[in-house]
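These notes are about the structure you will find just below.
Residue numbers (this note's numbering): 1 to 60.
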């Protein structure tokens, strides 16, 4: 007996900005104040945990 597990296929080019907007809505306004690398990292973190960003997230 063989068990298989079907996993969703992720697109090759993962854009955290587009993924965040499609999942949670508009990007936070304060995200523009951060460097692009820091903003991308925070968006990936929010997508992984399944919760939108809060303004205090960029302080950690």
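Ideal Cβ positions, reconstructed from N, Cα and C, are used throughout, including at glycine.
Backbone CA spacing between residue i and residue j [nearest angstrom]
i          : j          : result
residue 53 : residue 6  : 30 Å
residue 23 : residue 15 : 12 Å
residue 19 : residue 50 : 11 Å
residue 27 : residue 21 : 6 Å
residue 36 : residue 1  : 49 Å
residue 56 : residue 3  : 44 Å
Range covered by the alpha helix (DSSP H) that runs through residue i
i          : result
residue 43 : 36-49
residue 17 : 16-24
Cutoff 7 Å; reference residue i; Cβ partners in own chain excluding five residues on either side
i          : result
residue 40 : 16
Own chain residues within Cβ distance below 8 Å of residue i, not counting five before or after
i          : result
residue 44 : 16
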